[in-house]
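Student:
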Amino acid sequence: MIKDVELLAPAGNLSKLKTAFYFGADAAYIGGKAFSLRSFADNFTLEELDSAIKFAHSLGKKAYITVNIFARNYDLSMMEDYFSALCSMGADAAIISDSGVFYAAKKAAPALPVHISTQANLTNKYAVKFWREQGAQRAILARELSLDEIAEIHSFVPDIELEAFVHGAMCISYSGRCLLSDYLSGRSSNRGECVQACRWNYTVKKHDDGAESGEMSVEEDNRGTYIFNSKDLNMSAHLDKMKEAGICSFKIEGRMKSEYYLATVINAYRRCIDGGFSPQVERELLTAAHRDYTTAYTLGANDKTVNYTDSQTKGDCDYIANVVDCSGGFARVEMRGRFAVGDRLEVLSPDENFGKSFIVESAATGSGESVTDCKLVQEIYTINCPYALRAGDILRRRK
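Residues in the sequence shown are numbered from 1164 upward in steps of one, following my numbering.
1) Short check: CB of Ile1323 to CB of Val1291, under 8 Å?
2) Is the separation between the beta-carbon of Arg1306 and that of Ala1459 shorter than 8 Å?
3) With DSSP run on the structure shown, which of helix, strand or coil describes Arg1301?
4) Using the three-state DSSP reduction, which class does Ser1380 fall into: helix, strand or coil?
5) Apply the 10 Å Cβ neighbour rule to Ala1190 and answer buried if 16 or more other Cβ atoms are within range, or exposed otherwise.
6) Consult DSSP for Pro1173 and reduce its assignment to one of helix, strand or coil.
7) Judging by CA-CA distance, which residue of Leu1180, Val1230, Val1496, Asp1488 is the nearest neighbour of Leu1425?
8) Looking at C-alpha atoms only, which residue of Ala1268, Ala1484, Gln1541, Arg1418 is the closest neighbour of Asn1176?
9) Going by DSSP, what residue range makes up the alpha helix (DSSP H) through Tyr1423?
10) Secondary structure at Asp1536, three-state DSSP: helix, strand or coil?
11) Quick check on Glu1324: does DSSP put it in helix, strand or coil?
12) Give every residue of the same chain whose Cβ lies closer than 7 Å to the Cβ of Lys1404, excluding the five residues on either side of it in the sequence, and list them in chain order.
13) Work out the CA separation of Glu1509 and Lys1562 for me, nearest whole Å.
14) For Gly1529, which residues in the same chain have their Cβ closer than 7 Å to its Cβ, ignoring the five residues on either side in sequence?
15) Pull up the distance between the alpha-carbon of Ala1172 and that of Gly1439, whole angstroms please.
16) Measure how close the beta-carbons of Cys1250 and Ala1226 come, nearest whole angstrom, since I'm counting them as under 8 Å.
17) Nearest-angstrom Cα distance between Gly1463 and Leu1448?
18) Whose C-alpha, out of Met1252, Ser1262, Thr1545, Thr1286, is nearest the C-alpha of Ala1274?
19) Go through the segment 1258-1301 residue by residue and report every complete run of the alpha helix (DSSP H) that reaches 4 residues or more, in order.
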């Protein structure tokens, strides 16, 4: 067991927030409709932020609000009221990357804790010390740092909390400060509108005169090559080393990811924190969609972080249904993926039912009609189930 650490999960909407907490997150980071670097997530209105914060606190958990855009002058005119509102709601922190936004937050809501975003490029001990002296409570370190560098920062600034990413997609650009999306689509990644152009497939072409446009060693499949496409971070086997280096919050990336992805990854890391890394955890992190995994630069220099072969694998399991309730040997489930009588389904759960499986022997629609093919998306089906499942559990099918 790794003690005194926080498992921090993303949540793009209220449903995902509930999933994150159900599967074991201690805190969640969420964004409002404005000022957030994931503007294509559903995100939260002010009223929804208030409800989300109250919900988190009712469970003894925390909610951090992302206000991490690189602001322009016209943004700042609206921010002071926004920070005052967040403080009144009892937000546990605002996540900020821009010094002007930080100034606005401290002016409008001095009691609101501030976490400095990884977008601020926190790569050295003096940068972290500077932000601590300005009043920041936590520094979210750049992904480019090694464990030795993190330990040095912790020793130099012991009175600030250190947070680091442990899992999820990585940006091919330095700490996410990328101009590629803006250049190719007019959507700025630094203002929350990234189109993930780094995940597109590219081809190398010659000029009309036959000269090469530039020398580049690339690998490609029959659709092109993914020369900008980073592998996904996976530090599940090294969480103890991260704790020893001074990290107190383990952060999972993915406000745009599905509920199934969040449930799978959060459940795996919760089990890893509570019971240690295991072959089961390693296998579990292969079940949801992902790219090839890497430890990036945390263990030292690494030039094997680009995922040349494809954009993303589909994972080892199909997402089948959310459990609504269960009693008397039957479960009511909301269908998310087509399944049929005769299929073997597996349970994804934070409790002892995790990993158990059973064969669907009977199924009926919400109106009571018996069926063998469950193909209506979001239909509530009643199926046989030998386990006492709970609302929030998920059913999946191995491929």
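Note that CB positions come from ideal geometry on N, CA and C, so glycine has one too.
Please read all numbers here as calculations on a predicted model, not as lab measurements.
Tutor: With the given structure in hand:
1) As a working note, residue 1323 is residue 160 in the sequence shown. As a working note, residue 1291 is residue 128 in the sequence shown. It is a contact, given that the beta carbons lie within the stated cut-off.
2) Counting from one through the sequence shown, the residue named residue 1306 turns up at place 143. Counting from one through the sequence shown, the residue named residue 1459 turns up at place 296. The answer is yes: Cβ separation under 8 Å.
3) As a first step, residue 1301 is located in the sequence shown; it is residue number 138 there, counting from the start. Arg1301: strand per DSSP, three-state reduction.
4) Position 217 of the sequence shown, counted from the start, is the residue given in the question as residue 1380. Low confidence applies to Ser1380: its pLDDT is 48, below 50, so where it sits in the model is not reliable, and the reading given next is rough at best. In the displayed model, Ser1380 falls within coil according to three-state DSSP, outside both helix and strand.
5) Indexing the sequence shown from 1 puts residue 1190 at position 27. When all chains shown are included, Ala1190 counts as buried.
6) As a first step, residue 1173 is located in the sequence shown; it is residue number 10 there, counting from the start. The three-state reading of DSSP puts Pro1173 in strand, counting E and B together.
7) As a first step, residue 1425 must be located in the sequence shown, where it is residue number 262. Nearest to Leu1425 by alpha-carbon distance, out of Leu1180, Val1230, Val1496, Asp1488, is Leu1180.
8) Taking the first residue of the sequence shown as 1, we reach residue 1176 at position 13. Considering only alpha carbons, the answer is Arg1418.
9) The residue you call residue 1423 lines up with position 260 of the sequence shown. Counting along the chain, Tyr1423 sits inside the alpha helix (DSSP H) bounded by residues 1422-1438.
10) For the purposes of this step, residue 1536 is identified with residue 373 of the sequence shown, where counting begins at 1. The three-state secondary structure of Asp1536, taken from DSSP, is strand.
11) Position 161 of the sequence shown holds residue 1324. Here DSSP, grouped into helix, strand and coil, assigns Glu1324 to strand.
12) On the sequence shown, position 241 is the one that residue 1404 refers to. Correct list, in chain order: Leu1310.
13) In the sequence shown, counting from the first residue as 1, residue 1562 sits at position 399. In the sequence shown, counting from the first residue as 1, residue 1509 sits at position 346. The straight-line gap from Cα to Cα measures roughly 11 Å.
14) Along the sequence shown, read from residue 1 onward, the residue named residue 1529 stands at position 366. Taking Gly1529 as the centre and dropping the five residues before and after it, the same chain places the C-beta of Glu1542, Ile1543 closer than 7 Å to its C-beta, in chain order.
15) For the purposes of this step, residue 1172 is taken as residue 9 along the sequence shown, with counting starting at 1. For the purposes of this step, residue 1439 is taken as residue 276 along the sequence shown, with counting starting at 1. For Ala1172 and Gly1439, the distance between alpha carbons rounds to 19 Å.
16) Residue mapping note: residue 1250 aligns to position 87 of the sequence shown, counting from 1. Residue mapping note: residue 1226 aligns to position 63 of the sequence shown, counting from 1. In fact, because the Cβ distance is near 13 Å, the residues do not count as touching under 8 Å.
17) Within the sequence shown, the letter at position 300 stands for residue 1463. Within the sequence shown, the letter at position 285 stands for residue 1448. Distance between the alpha carbons of Gly1463 and Leu1448: 23 Å.
18) Locating residue 1274 in the sequence shown gives position 111, counting from the first residue. Answer by Cα proximity: Met1252.
19) For the segment 1258-1301, whole alpha helix (DSSP H) runs of length 4 or above, ordered along the chain, are 1262-1271, 1288-1297.
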